[in-house]
Amino acid sequence: MKEFTYVIKDALGIHARPAGMLAKKAKSYADTTVTISANGKSVNAGQLMKLMGLGVKQGTEVTIACEGANEEEACAGLQQFMEENL
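Following this note's numbering, the numbering of the sequence shown begins with -7 at its first residue and continues without gaps.
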C-alpha cells in the first residue's frame, strides 16, 4: 500500500466539481482501491456522494491510500491531481 497526505488549499474545499473529478480519477486506476481519509472518516475515493460526505474544507489534511496492482501509478497520479486542482 502506498499513501500520501495533502492539505486542501482550495477555498471551497472538496466541493461538487472537484469531487466528481477526483472520483473519476480514482476509478480510472483499474485493480487499485483508492481510499481518502479526513476528519476521522475513510471512504472509497471513487464514490462521489461518500467523498462529498467527508465535508473537507480548506486547510483540512487528507490522507490518500492506494492499494492494488497499480498503486504506485495511482498514488503519483492522484498526488499530481490534488496539487493541480485542490
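A virtual CB, placed ideally from N, CA and C, is assigned to each residue, including glycine. Remember, it's a predicted structure, so these values are computed and weren't measured experimentally.
Stretch-stretch touch, CB-based, cutoff 8 Å, three pairs: the region 62 to 75 with the region 38 to 46: no
For residue 0 and residue 50, believed in contact at Cβ under 8 Å, the rounded distance: Residue mapping note: residue 50 aligns to position 58 of the sequence shown, counting from 1. Residue mapping note: residue 0 aligns to position 8 of the sequence shown, counting from 1. At roughly 6 Å, the Cβ-Cβ gap stays under 8 Å, so residue 50 and residue 0 are in contact.
According to DSSP, residue 48 sits in a beta bridge with which residue or residues? Taking the sequence shown and counting its residues from 1, the one referred to as residue 48 is at position 56. The partner list for residue 48 (beta bridge, DSSP) is empty, contrary to what the question assumes.
Residue 16 (DSSP reduced to helix, strand or coil): Along the sequence shown, one-based indexing puts residue 16 at 24. Reduced to three states, the DSSP call for residue 16 is helix.
Just the Cα atoms here: how many angstroms apart are residue 6 and residue 68? Translated into the one-based positions of the sequence shown, residue 6 becomes position 14. Translated into the one-based positions of the sequence shown, residue 68 becomes position 76. Approximately 19 Å, taken between the alpha carbons.
Separation of residue 75 from residue 81, as counted between CA atoms: No statement about residue 81 is possible, as the shown extent of the chain runs from -7 to 78 and does not include it.
Quick check on residue 64 - is its C-beta less than 8 Å from some C-beta in chain C? Within the model displayed, chain C is absent; a lone protein chain is all it includes.
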